[in-house]
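Notes to accompany the following structure.
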Amino acid sequence: MVFPAKYPSLNATEMTDEARHALIRVLRVAFPHAGVPDGPYERTADTILTEAQNETWFRVALTQGLLSLNQLADGDFRALADEAALKVLRRVEGTEFFGFVRRTAVLNLYDDAEVWEALGYEGPSFDKGGYLHRGFNDLDWLPDPRIEFPAGETMPEMAPGATGAPRPAAQDHTPDSTNQPGTTSSDMEEVKK
Amino acid sequence: MPSADQHRSPGMSVTQHSIDQNDDAVVIIGSGAGGGTLAYELTAQGIPVVVLEAGPYLTQDDYVNDEWEAFNQMAWLDPRTTSGSWRIARDFPNLPAWVVKAVGGTPTHWSGATPRFKEHEFKVRSVYGRVDDANLLDWPIGLQDLAPYYDRAEKAMGSTHLHGRPPLPANNNYKVFANGAERVGYRFYATGPYATNAEEYDGRPASIQDGFNFQGDKNRSKWSPLVREIPRAEATGLLDLRPESHAVQITHDAQGRADAVLYLDKEGNLHRQAAKVVCLAANSIETARLLLLSATPRFPDGLANSSGQVGRNYMRHLTGTVWGHFDKPVRMYRGETMAGIIGDESLHDPDRGFAGGYYMETISLGPAFMAAFVEPGAWGPDFARLLDAYAKSAGMWIVGEDMPQETNRVTLNTTVKDVNGLPVPNVHYDDHPNDVAMREHAYTAGEKVYQAVGAQSTHRTPPYPATHNLGTARMSERAEDGVVDRWGRAHDVRNLFVSDGSTFTSGAAANPTLTIVALAIRQAEYIAAELKAQRI
Chain A
169 MVFPAKYPSL NATEMTDEAR HALIRVLRVA FPHAGVPDGP YERTADTILT
219 EAQNETWFRV ALTQGLLSLN QLADGDFRAL ADEAALKVLR RVEGTEFFGF
269 VRRTAVLNLY DDAEVWEALG YEGPSFDKGG YLHRGFNDLD WLPDPRIEFP
319 AGETMPEMAP GATGAPRPAA QDHTPDSTNQ PGTTSSDMEE VKK
Chain B
64 MPSADQHRSP GMSVTQHSID QNDDAVVIIG SGAGGGTLAY ELTAQGIPVV
114 VLEAGPYLTQ DDYVNDEWEA FNQMAWLDPR TTSGSWRIAR DFPNLPAWVV
164 KAVGGTPTHW SGATPRFKEH EFKVRSVYGR VDDANLLDWP IGLQDLAPYY
214 DRAEKAMGST HLHGRPPLPA NNNYKVFANG AERVGYRFYA TGPYATNAEE
264 YDGRPASIQD GFNFQGDKNR SKWSPLVREI PRAEATGLLD LRPESHAVQI
314 THDAQGRADA VLYLDKEGNL HRQAAKVVCL AANSIETARL LLLSATPRFP
364 DGLANSSGQV GRNYMRHLTG TVWGHFDKPV RMYRGETMAG IIGDESLHDP
414 DRGFAGGYYM ETISLGPAFM AAFVEPGAWG PDFARLLDAY AKSAGMWIVG
464 EDMPQETNRV TLNTTVKDVN GLPVPNVHYD DHPNDVAMRE HAYTAGEKVY
514 QAVGAQSTHR TPPYPATHNL GTARMSERAE DGVVDRWGRA HDVRNLFVSD
564 GSTFTSGAAA NPTLTIVALA IRQAEYIAAE LKAQRI
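Going down the list, the sequences are from chains A and B.
Quick note, the working numbering runs 168 ahead of the 1-based positions in the first sequence.
Quick note, the working numbering runs 63 ahead of the 1-based positions in the second sequence.
What follows is the structure in structure tokens.
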């Protein structure tokens, strides 16, 4: 059962265009990518609104959170410049509202082909034959390195003198808490002369 | 001979071979690096086996080149809980491990690096000495015991650089990594050993460098039991493979011998498969969970747990990621994800301030995973810049030995139930001071590699949910120190074997899959001999 919000303003804000645009603005400020067009931000906002519709607690947190942004902005959050809007978001960073928006945004905004294109990622590749003939090794600002271990050399296993060195010191030494008998505790072994 | 319809019925075989549930069978739980290998090696010797696999039978046609879609398709997503001071408990509290639930197991999403253990890494208690709060123990076997099986495993898996297999070419991410390594004075960098075909081998094609390793390999160039051991076991006519069959208990008879495995099919119906031998290879968290779920009055602390070590000494490798950001394109996502390794720091050198060593290996994520993992919890302009640098980023993963600790353990969380009403596993982990010191050293070393080739900035990413899960049923010479003996045979239950990374007495620096496969080949020989001699 879904209870109506006590304050009508909560319901009123819930699905308004104003709320959606405020959310889009939140995403732009929280995840600012100059090269990313509006589409991915709008789709991510819609995903958040859909998820909020499905969960009462998220919806309550979201509507309350968007309202408090306006209160912290002394007016309309959407009207704030980037720097001021970022300050407001930092003040709500620890809230349920912002955590929900951030988590959902991280999982969805960057799972969007338009964002991939803006960031320079090419998406699925198998159907295009992979990158074998499409630049898997086209980096040309460094020399081609060798691809095998140096011939005739053996990778060292132990540093010279490793066995003779003092035992590695544990930084937080807590005596007598180990089940291992060792150098600092008696282990009741047979004593030989 | 059962009809085709019976072949497809829930909880029953999907191959042409079917074993009666009342026949005492060799039952293998899990079809990954350990279980899949064991299934092939035993059937190849004429021994029929039942393989119970919790996940579905996905093949290359099912795989998708999309990070989240593939994750939701392949990953083990049954609920788990976490505790301890590790960051995973805060950032991904219900995802302690990133492993696969499907036929072929976690190797279907692995990247492919196959370094061997070093000789001293089997003797950590003797070589490292006493390390406070670390439950170090020497393995009951050494490199000389495993060396011939390493050879066989490398040939089976087609490891590059070895046994006549050519190396993979350098991809973009490797060019940055290797040039950086050269400039800081490292010697031992290469594109492998790496279990993906550089040329056609073993009936599978060469890599097309599509960059999707963690999503299952649609091209079948990468080794996994799905493309090698499972089909070959099936071809012997002796494999009874039951996907979507989730083992929930191993039962025993009045003599304390394992006598059956109870499992749930995809519809939640409980089945019982009688057993003469049970081989448990469900990956470290589920292997420990299943032993704990199998407690009885005779085994009150869990099956095979007279030592109290079941679930303890959970290891997940050091891990960490360093990203370098450059002023020119790298496009690290093009090509084999982990075909690049630096071994110079893998040695044991206590003068660095810690015991054990670590490898650096190339790694790449797509933007979707990069956003989720690069700095969990972060947002704002600094976070956005990490993503804006994507196309000009190079990445390396740190994989090193973490200390086994008794308090790092898998337990049953009886307050949280899974969909079947079973208690979920809780994974508790605290970093050891040795782990912290090694990770700091490795981050710094990784940054130097990228700075040496002109990185404008670098970023340290904390450990991902664990892909290397080890140690929860460890090998020991003495029954009081561990769960299984030198063959992976339970000290307490003589027809019960553990066949996955749970048996690792210590973690070593190397990626574990090669060692799991080598141990499984060796174990299969032993089980076959014991069966033929009627000692099991």
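By construction, the Cβ of each residue, glycine as well, lies at the ideal position given by its N, Cα and C atoms.
As the structure is a computational prediction, the values presented were derived from the model and not from experiment.
Within the continuous alpha helix (DSSP H) that includes residue i, where are the two ends?
i	result
residue 265 of chain A	264–277
residue 131 of chain B	130–137
residue 622 of chain B	No information on residue 622 of chain B is available, as it lies outside the stretch 64 to 599 that chain B covers here.
residue 377 of chain B	Taken as a continuous stretch (DSSP letters only), residue 377 of chain B belongs to no alpha helix (DSSP H), as it is neither H nor E.
residue 189 of chain A	185–198
residue 350 of chain B	346–356
residue 240 of chain B	235–247
residue 287 of chain A	281–287
residue 82 of chain B	Looking at the DSSP string, residue 82 of chain B is not in any alpha helix (DSSP H), and its letter there is neither H nor E.
residue 257 of chain B	It is not in any alpha helix (DSSP H) - residue 257 of chain B carries neither H nor E in the DSSP assignment.
residue 191 of chain B	187–191
Following the continuous beta strand (DSSP E) through residue i, name the residue where it begins and the one where it ends.
i	result
residue 92 of chain B	88–92
residue 218 of chain B	Per DSSP, residue 218 of chain B belongs to no beta strand (DSSP E); it is in the alpha helix (DSSP H), 206–220.
residue 231 of chain B	Taken as a continuous stretch (DSSP letters only), residue 231 of chain B belongs to no beta strand (DSSP E), as it is neither H nor E.
residue 586 of chain B	No beta strand (DSSP E) holds residue 586 of chain B; the alpha helix (DSSP H) holding it covers 576–595.
residue 561 of chain B	559–561
residue 313 of chain B	309–315
Using a beta-carbon distance below 7 angstroms, is residue i in contact with chain B?
i	result
residue 206 of chain A	no
residue 340 of chain A	Unreliable placement is indicated for residue 340 of chain A, whose pLDDT of 46 sits below 50; the coordinate value is still reported in the next sentence. True, the Cβ-Cβ gap to chain B drops below 7 angstroms.
residue 336 of chain A	Unreliable placement is indicated for residue 336 of chain A, whose pLDDT of 49 sits below 50; the coordinate value is still reported in the next sentence. So yes, residue 336 of chain A belongs to the interface.
residue 309 of chain A	yes
residue 304 of chain A	yes
residue 214 of chain A	no
residue 260 of chain A	no
residue 196 of chain A	no
residue 363 of chain A	As displayed, chain A neither begins before 169 nor continues past 361, which places residue 363 of chain A out of reach and without an answer.
residue 245 of chain A	no
residue 274 of chain A	yes
Taking Cβ-Cβ distances shorter than 8 angstroms, what residues in chain B pair up with residue i?
i	result
residue 312 of chain A	233 and 238
residue 287 of chain A	430, 450, 451, 453 and 454
residue 254 of chain A	443 and 444
With a cut-off of 7 angstroms, does the C-beta of residue i fall near any C-beta of chain A?
i	result
residue 271 of chain B	yes
residue 276 of chain B	no
residue 410 of chain B	yes
residue 591 of chain B	no
residue 397 of chain B	yes
residue 483 of chain B	no
residue 434 of chain B	yes
residue 131 of chain B	yes
residue 570 of chain B	no
residue 250 of chain B	yes
residue 406 of chain B	yes
residue 511 of chain B	no
Residue i bridges to which residues according to DSSP?
i	result
residue 474 of chain B	B:489
residue 299 of chain B	Note: residue 299 of chain B sits in no beta bridge, so no partner.
residue 522 of chain B	B:386
residue 333 of chain B	B:327
residue 144 of chain B	B:489
residue 480 of chain B	B:486
residue 285 of chain B	B:259
residue 321 of chain B	B:315
What residues of chain A sit near residue i, judged by a beta carbon separation below 9 angstroms?
i	result
residue 537 of chain B	Near residue 537 of chain B there are no residues of chain A at all, since even the closest Cβ is about 14 angstroms away, more than 9 angstroms.
Just the chain A side, please: which residues come within less than 7 angstroms of residue i by C-beta, in chain order?
i	result
residue 245 of chain B	313
residue 447 of chain B	199, 200 and 201
For a contact defined as C-beta to C-beta under 9 angstroms, what are the partners of residue i on chain B?
i	result
residue 293 of chain A	128, 271, 272, 273, 274, 275, 396 and 397
residue 325 of chain A	181, 182, 183, 184, 409, 410, 411 and 420
Against residue i, what residues of chain A qualify as contacts under a CB-to-CB distance less than 8 angstroms, listed in chain order?
i	result
residue 253 of chain B	314, 315, 316 and 317
If the cut is a Cβ gap below 7 angstroms, which residues of chain B does residue i touch?
i	result
residue 279 of chain A	131 and 431
Where are the alpha helix (DSSP H) runs, 4 residues long or more, that stay fully inside the region 222–271 of chain A, in chain order? The qualifying runs are 224–240 and 250–259.
Any beta strand (DSSP E) of 3 or more consecutive residues that is wholly inside the region 103–130 of chain B: Runs of the beta strand (DSSP E) inside the region 103–130 of chain B: 112–115.
Which runs of the beta strand (DSSP E) at least 3 residues long sit entirely within the region 413–466 of chain B? Give them in chain order. Within the region 413–466 of chain B, complete beta strand (DSSP E) segments of at least 3 residues are found at 421–425 and 456–463, given in chain order.
What alpha helix (DSSP H) runs, 4 residues minimum, are completely inside the region 295–327 of chain A? Runs of the alpha helix (DSSP H) inside the region 295–327 of chain A: none found.
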